[in-house]
Each structure stands twice: as C-alpha cells, then as structure tokens.
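I have placed the structure first, in the form of structure tokens, so that the comments after it can refer back to it.
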Amino acid sequence: MTRRRTSACAVVAALVVSGLIACDEKTQPPITRRTSLADSADQIMYGARFNLTDKGLSRAEMLADTAYFFDDNTRVELRGVETTFFTLTGARDSYLTSRRGTYNSRFGSMIARDSVTVITEEGRRLVTPELKFDQTMNEISSDSVFSLTEPGRSLEGVGFRSDPNMQNVRILKTRSGSTGMVTLPGQ
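Numbering (numbering that gives the first Met the number 0), first residue to last: 0 to 186.
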C-alpha cells in the first residue's frame, strides 16, 4: 500500500509541477500593427458623399467608401476616394481617384494620398502620390513627384500648382518631358 501511495503521490506531484510550469508561461495578447481609425473616430460613415462649395458655387463632389470623423466632425479621414471637379458653370472638369484622403471642412481643403490619379475631360492624366485641393482657390497642387500625360505629350517633375482641369499648370521642377513635332514660328 505504501508503494501505491508513493506512486500516487509521485503522479500528483508531477501534475502539480506541470500545472505550475504551464501557468508560468504567459501568452501576450495580440498586438495590431497600427491603431484602427474606427477605434478613435467620433463617427463612421459608409458610402459618404460631400459637396464642396465656395460662395454657393459647387467646386467638387467627393465620394468615399468609408469616412472617419474627428475633431468635432471638422476633419474626415477617407478611404476609397472619388472626387469630381466642376467648372464655374457646373460642367464636369476632371475626376480624381485615390486610396486615402483627408478632408478638413474648417480650412476648406482636401488631401488625396496613395495612388492619386486625376483625369480631365480633355484626356490629360496626372499621377502623383499626394495631391492637395484648396476649395477657396479652386487649385490642385503637390510637392511630390508627378507624371502628366496628354495625347502627344508627357511630362515628369516634382511639384506643381494648377486649376483642376490642368489648363494653367505651373511646374516647380521639371525632370523630363517629351512632345510630338513642334513647328517654330517663321519656318
């Protein structure tokens, strides 16, 4: 009987020791790579639509798959951005797409980020990693690299200022460009 007790005590002691060892291993909770906007947003909207106006004139219509509102709903972080710009007469001027963006109603500004593309009605195409839209100036701009193409011409540079239709483009630094045949005056 003492043998049985000794064996039983040994088994119980082994179970207790293994239980203590198992309890000593602490598993860490999973850590996310970044803070989710949804955790800290004041409000979340899916299928959001914004009309950007200046003195009663519609400058642009902005759509987003998801909108996260912050700072008393004056700053909106956007995902899946599509923006249509309009002329003074209300005609469609150009169309912008980007993966992310920020709209600040307090300052009347929008920043598009991550794969920004603007296409005008005349066929001009602008690609840049980041683009700013100033509602009151009706101006798009960027300090980043960009590529501007249109039928017969292409241009690459760093930084520009322009109207949304890209009729009046001011380039800060040209990197390269190409054009078709140019006829000089008097020849």
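Virtual Cβ for every residue (Gly too), placed ideally from N, Cα, C.
Cα-Cα separation, residue i to residue j
i	j	result
A63	T178	36 angstroms
E81	Q27	40 angstroms
N164	T88	13 angstroms
T135	R152	30 angstroms
M61	G176	31 angstroms
S141	Y67	24 angstroms
A90	Q166	15 angstroms
K172	T96	24 angstroms
T52	R99	21 angstroms
R174	Q42	43 angstroms
F84	V168	16 angstroms
I170	G156	7 angstroms
S35	G79	16 angstroms
Buried/exposed call for residue i, threshold 16 Cβ in 10 Å
i	result
F145	buried
D192	The requested residue 192 does not occur in the structure, where the chain is confined to residues 0 to 186.
R58	buried
G185	exposed
G122	exposed
T73	exposed
I139	buried
A111	buried
S161	buried
L56	exposed
Reference residue i; option with closest CA among the options
i	options	result
V75	R91, A59, A47, G156	A47
D70	I110, T101, G55, A59	T101
L77	T148, N103, D92	N103
K54	T83, N137, R169, V117	N137
V132	F85, G107, N50, D92	It is Phe, not Val, that sits at residue 132 in the sequence shown. Out of F85, G107, N50, D92, G107 has the C-alpha closest to the C-alpha of F132.
F49	E129, R124, E149, T65	T65
E120	I170, I43, S93	S93
V143	M109, F159, P150	Contrary to the premise, residue 143 reads as Ser rather than Val in this sequence. Here the closest residue by C-alpha is F159.
M109	E129, R124, I118, V168	E129
P150	T86, S35, S161, L125	L125
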